[in-house]
Structures are given as C-alpha cells and as structure tokens.
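Visitor: Residue 418 in the UniProt record's numbering sits at position 418 of the sequence shown, and the numbers go up by one each step.
Beta carbons: idealized from backbone N, C-alpha and C, even for Gly.
Quantities reported herein were computed from a predicted structural model and do not represent experimental measurements.
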Amino acid sequence: MVMQTTMAWLSGASTKTTHINTRNLFCLDKSSSPSSVTLGILSFETARTMSRLVHLYRSLSSEEFSELCEGAMKSQGVAFLNSSDERFLLSLACAEKLEELNRAVNAVTRLARKCTDASLNRFDQTYAEMCLGVRDFGKLEYASKSVEKLVEKMDKYVKATSNLHAALESLSELEISEGKIKKWKQNLGPKQANKANTDYFDEKIAYQRKQVKHYRDVSLWNQTFDQSVGLMTRVITIIYARICLLFGQYVSDLPRPSKITKPTSQRMRVHPDTNFMHFTSKSGPIAKSSQKFGTIRIAKSGPLPKSEDKVIGTRIPLDIVKNKKVMQLATESTVGGAGLALRYANIIIYAERYLYAPTCINDEARGYLYELLPENLKTTVRGKLWGHWCTRAHEGSGGSHSLAEGWREALEEMMSWLAPVAHDTVKWQQERYLEKQRFDAKPTVMLFQTLHFADLEKTEVAIVEVLVGLSCIYRYENKRLGGRPSGDGCR
C-alpha cells in the first residue's frame, strides 16, 4: 500500500513517477529529533553551507535579478569581449547559480546521511527527481513570510557559529598562555609562586570559557543533524524553484514550477539598439566604430573581430550544465579556455595604473609589464613598436605632444570598458577564495562579468593597443622631463 504524504521539506509536492513517505514542508518530524546527534565540530562546515544558501537565496530577489539584467549585462566590456546575446549571458548566470546550489546540495547530502529521519536520508534522491522534472515544486513561495523566517533563522545560526569559531580561537590562545604560566610557576620557588598574581588572567580565561559555552548553546554546535539538515533542504527546494522561475525562459530544459506565481516583470531586454563604443580622438590612433556590435577600428593594427558568441552558442543546454563546471564551459577561443584570465587581468590593471600615473612608467615597470606577456604577445608588441617608432623617425619628431594626447584620450576611452572586466576577474578570484575561508563571504561578481568567457583574439588585440599607446605616452613624458629616449624598438 502506497503512503501519500509529503516530505518534511517539500510542501504539497506530488510525484509523477514515484510515491515516497513525506511530510509537511514547514513541520519537521520532531519524533526523530531528540535521538538525533548534535552537529558538534561539523557545525562550522554546516554554517558555511548555510551562509552560501542564505546569500544565494537573497541574490535571487526581483531587485537583484533586475540589477543583474540592467547593470552587469549592459556592461560595455561584457558586450564587446564576451557576448551581447541576452539569452546566452543569462544561461551562463543560471549555470553559475546552479553550480553554487549543487555545491551546497552535496554538503547537505553528506550531513543528511547522519540524520535519523529517513526522508532526510533520501534528500539526494528527491533533489535529483526535482532536477529531472518528475516531482512538482508544490506551494513553495519565494519571499513569503514563512520562508523569510527560515532564512533569517539560518542567518542567525551562521552569525552565532561564526562568533563561536572566533571565541574558540581566542580561548585556544589563552589556554596556551595558561600552560606557559603554569610552567613558569613550577620553576619558581613556593614563596615566589604564591606571590605571583594571575587573578586578572584567571578571570579573563574563565569569562572566555563562559562565552564559548554560550555560543555553543545558541549556535549550530548544539543543533541536531535533523534540525539543521531539515532547515537547509527546505530552503534548497525554494532556491531551486526560484532559479527555474527566473531562468526557465532562457534555459528551456529547466523544469517549470507551475504552481508558483510568475513575477510581474516581463522579460527584460539587456542590450538596447545602441552602439556602445565610440572612440573619439582628435589625433589618436583609434578610430570610431560605425557598426553596432561590430568591429572597433584601430589604426595600423586592423579591426577587432566582431562580437560573436564563440563559447557555446546562444544558450547552454541543461545537460551540459549538470555535467560540467561553469569554468569548463569556456572553449579554447576564450581567455579562460586558454588559462590566461587572471594573467591578462593583471596586465590590464597594471596598464591602467600606468596610464593615470605616466611618471611611474620607468624602465623597471615597463620591463615587469612586458614579462607578464605570453610569447606571442611579446612578439606582436615588439613588432608594432618597432614599426611605429621607425615610421615616426622618418616623419620627424614634430607633433609628439598631440600624438601622446591622442593616445591618452583613446586609451582612457578603451580603459573605461576594459578595466572593469579586469577588476571583476581579480575580484571573482578573491571572493571565491574568501568563500572557503570565511562564514560571511558574499560573492558579488559572476563569472560572465570577467575575462573568463572573453574572446581571446579581441582581448589580445586590445592589450597590444594599450601597451603600444602606453609606450608612446612614456616616450613623450620621458623626453619632456629631459630623460633619454628608451629602446622602444625592443619593447
């Protein structure tokens, strides 16, 4: 006989191909909780997972989604280097959200094996059924009062557990000092040891032990596996339903949560019919582009390639998303696929620094920047500089000031869209590192905003032009300040 109830973390759900013992979404099976073991030392791993879920939940609000579409996806650098296709960019964003959720699911699944509630033990199976679309999402409502209470509760647990971690570290340091004091007293004579006053230290360590006990009581340390896992599985279900609702029209393979009210905002257009890039330079080497999302003409160096979707077309099938990490979706024609994203980001950031502080461009700085380049770019830069300065030598040295100013204007225009992508690349790396170290890490940059999916050819052409322009500016500044001309024919 088949039992037809609902799982503790899946309210009002019904299966199309399976029948599983389940209970109400917002009511844990309390009969199993008292006998469940508390998290203890695993509370810290659990807190990190909860923190990731809280941040992911909040990043899916209507306001955040609107900011994603109206802000990040309208970035000029993203449009020129990565893609101007709305559907493709949103499918990348969806893939990253799903990957982040799946990392949390894997952590929760490991914890669920220690639960006494049989339905929680099978969480991985039910989550897989949701992903396959064989289980309805039920009456789950994102941002409802009951759901917000769940998220707030998780947030409080994360903060309390973070405080516990800090308190334990302080206590550990005090206990080391306590051991040293005991050894010191043992080396003293009985009379001297009695005179030594350590009352203040004893009070301090006693207070710290009380703090640790308090935080253990109010944090995840003292929560059972059933309570903690039950809380997270419910939020995971809500997050997955929200992802399907927001991104379902861009990733057609996602299951549709039919019983959830759709957002009032209609599909937003990310890139309006405007030409993002206009290089207006009186005497510089970069000419104005005349095509929408087309070529950016650069004098003496040919055009940048057209903005084509060279990564995986206009959308990413869900089966590819499930079987690959988002970083692995970049092909060899992209900067990330070539393994050069962070390297090129650092080159661009150094170039930006030297552009706005030209007096800092000494031979040592130029040499360091040059050595950051891969061999193919070294050859290209060397060739362009040699040809450029040989041409200038034949034409005479007149007009150096106007040429330098032209380059400066052109590079400032280029850096206005190139530098933000480079900074986001470094920031993305830093945020993912901090996410592993801290409980309250809140990533703000998505991978599609970085150089990872940037067209390799376009990025390298832009970097070469920036370095040639910096060389021109450096040569003029060096001459103006009375320095000797440097060997720009070599670099």
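(1) Is it a yes or a no for the segment 34 to 47 touching the segment 216 to 227, going by three-plus beta-carbon pairs under 8 Å?
(2) Just checking my contact of Ile-243 with Val-105 at CB under 8 Å: how many whole Å lie between their CB atoms?
(3) Is the number of C-beta pairs between the segment 367 to 376 and the segment 444 to 452 that are closer than 8 Å three or more?
(4) Tell me, please, which residues DSSP counts as bridged to Asp-455.
(5) By a C-beta neighbour count over all protein chains shown, 10 Å radius and 16 as the cutoff for buried, is Tyr-157 buried or exposed?
(6) Please check the pair Ile-347 and Ile-463, which I expect to be a contact at CB under 8 Å, by giving their CB distance rounded to whole angstroms.
(7) Buried or exposed for Trp-428, please, with buried defined as at least 16 other CB atoms from any protein chain shown within 10 angstroms of its CB.
(8) Does the segment 162 to 171 come into contact with the segment 208 to 215, if we say contact requires no fewer than three beta-carbon pairs (one atom in each stretch) closer than 8 Å?
(9) Helix, strand or coil: how does DSSP classify Thr-116 here?
(10) Could you please give the first and the last residue of the uninterrupted alpha helix (DSSP H) stretch that includes Asp-199?
(11) Look up Thr-224 in the DSSP assignment and give the residues it is bridged to.
(12) Terminal residues of the continuous alpha helix (DSSP H) containing Val-326?
(13) In this structure, how does DSSP classify Arg-475 when only helix, strand and coil are distinguished?
(14) Between the beta-carbon of Ile-205 and the beta-carbon of Tyr-57, is there less than 7 Å?
(15) Under a three-way DSSP split, which group does Met-50 fall into?
(16) From Phe-247 to Tyr-433, what does the alpha carbon distance come to, in whole angstroms?
(17) Could you give the distance in angstroms between the alpha-carbon of Asn-121 and the alpha-carbon of Tyr-127?
(18) Can you find a CB in chain D that lies within less than 7 Å of the CB of Phe-201?
(19) Express the C-alpha separation of Tyr-200 and Leu-171 in angstroms, rounding to a whole number.
(20) Can you give the Cα-Cα distance for Ala-107 and Val-335, rounded to whole angstroms?
(21) Taking the alpha helix (DSSP H) that Lys-74 falls in, what are its first and last residues?
(22) Taking Arg-220 and Ala-47 to be in contact with their CB atoms under 8 Å, please state how far apart those CB atoms are, rounded to whole angstroms.
(23) Please identify the residue among Gly-71, Ser-61 and Lys-384 whose C-alpha is closest to the C-alpha of Tyr-142.
Guide: With the structure as the only source:
(1) yes
(2) Not quite, the Cβ-Cβ distance comes to about 12 Å (not below 8 Å), so this is no contact.
(3) Contact between the segment 367 to 376 and the segment 444 to 452 is not established, with fewer than three Cβ pairs separated by less than 8 Å.
(4) In DSSP, Asp-455 forms a bridge with Thr-334.
(5) buried
(6) Yes, Ile-347 and Ile-463 are in contact; Cβ-Cβ is about 6 Å, under 8 Å.
(7) buried
(8) The segment 162 to 171 vs the segment 208 to 215: in contact.
(9) coil
(10) 199 to 218
(11) Thr-38
(12) Val-326 -> no alpha helix (DSSP H), and no H or E assigned at all.
(13) helix
(14) no
(15) helix
(16) 27 Å
(17) Taking the straight line from one Cα to the other gives about 12 Å.
(18) Of the protein chains in this structure there is only one, and it is not chain D.
(19) Whole-angstrom Cα-Cα distance: 15 Å.
(20) Going by C-alpha positions, Ala-107 is about 31 Å away from Val-335.
(21) Unbroken run through Lys-74: none, as it is neither H nor E.
(22) Reading off the sequence shown, one finds Leu at residue 220, where the question assumed Arg. For Leu-220 against Ala-47, the beta-carbon gap comes to about 6 Å, under 8 Å, which counts as contact.
(23) Ser-61
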